[in-house]
Amino acid sequence: MKTYYMFGDSLMRGVMPDEAWNYHSSDAIGFDAMQAQYNMKFVNYAMPTFTSERVKMWLTQIMSSHPVPDVAFLECGGNDCDYDWKSICDGKCYYEHRHRVAPQDFKKNYEDMIHLLQEKGAAVTAVIAPPIAIEVYLSHLLESGISREVMSEYVNSVHQMQDEYAEYGDIMRAVAKENGCEILSLRESFLALDDMKAYYSKDGMHPNEAGYALIRGDFEKYFASAAGII
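Printed below as a string of structure tokens:
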């Protein structure tokens, strides 16, 4: 039986907000059913809110004290690319430092994690997160108290933010290819939608049940292929 470790952020935990804005993990992706269906063991070490810096620290800790898995999923980037809105609102963030983790630092963190896992003997699959619903996300930020004036100083357009989120995914893809990793991209299923907003929770960042169902489909195809079914 193959063992899979999952490292990442809230996406891999199926996190969604409820009506009171409390965030809860779920099995919306369906990992429990998939591990039984494909006779595999999944251990989910994903941690909501983690950037690549914190994922790297957590991964290093886990791999120093746990058995080596056959495969490790490595998903991150959404929290890294997000703007450091607290520092921005406090007037302590220059435009060029707007991301919580800069692209070049994110690349280094991702490379380090892949190298650590491979040196331990684990195969690595890069999981590229779907895009976020930018318009919904920006509306959520305005409703949460960020002023339109402050936002306009950092966000030139929806396309700007779309391109920046795509950049972090492109970094992951390039690093994964350079290091001989498999790639499971969740972006394309969302980009093919006519109305992507309908597949996201009200914060614009976390998928809703319908969005996680799309992600489940991508993982099912991956595991069916790994099991030799397709």
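In this text, residue positions in the sequence shown follow the numbering used here: the first is 1287, and each later residue adds one.
Don't be surprised by glycine CBs; every beta carbon is placed ideally from N, CA and C.
Query                                                                                                                                                                        : Result
Where does R1434 land, buried or exposed, given buried means 16+ other C-beta within 10 angstroms?                                                                           : exposed
For the stretch 1382-1402 against the stretch 1479-1489, are there 3 or more C-beta pairs whose distance is under 8 Å?                                                       : no
Which complete alpha helix (DSSP H) runs does the stretch 1444-1489 hold, if anything under 4 residues is left out?                                                          : 1444-1464, 1473-1477
In this structure, does DSSP put M1343 in helix, strand or coil?                                                                                                             : helix
Measuring only the C-alpha atoms, how far is Y1324 from A1513?                                                                                                               : 7 Å
Does the Cβ-Cβ distance between G1363 and G1455 come in under 8 Å?                                                                                                           : yes
Measuring only the C-alpha atoms, how far is D1398 from Q1404?                                                                                                               : 10 Å
Following the continuous beta strand (DSSP E) through F1293, name the residue where it begins and the one where it ends.                                                     : 1289-1293
Answer yes if the stretch 1297-1304 comes into contact with the stretch 1336-1345, meaning at least three C-beta pairs across the two stretches below 8 Å, and no otherwise. : no
Restricting to Cα atoms, I'd like to know which of H1385, I1457, A1462 is closest to D1368.                                                                                  : H1385
Return the chain-ordered list of same chain residues with a C-beta closer than 8 Å to the C-beta of S1475, the five sequence neighbours on each side being excluded.         : P1416, L1500, I1501, G1503, D1504
Where do the ends of the beta strand (DSSP E) carrying A1319 lie?                                                                                                            : Per DSSP, A1319 belongs to no beta strand (DSSP E); it is in the alpha helix (DSSP H), 1317-1323.
Determine whether the beta carbon atoms of M1349 and K1288 lie at a separation below 8 Å.                                                                                    : no
Are the beta-carbon atoms belonging to V1410 and A1332 less than 8 Å from one another?                                                                                       : no
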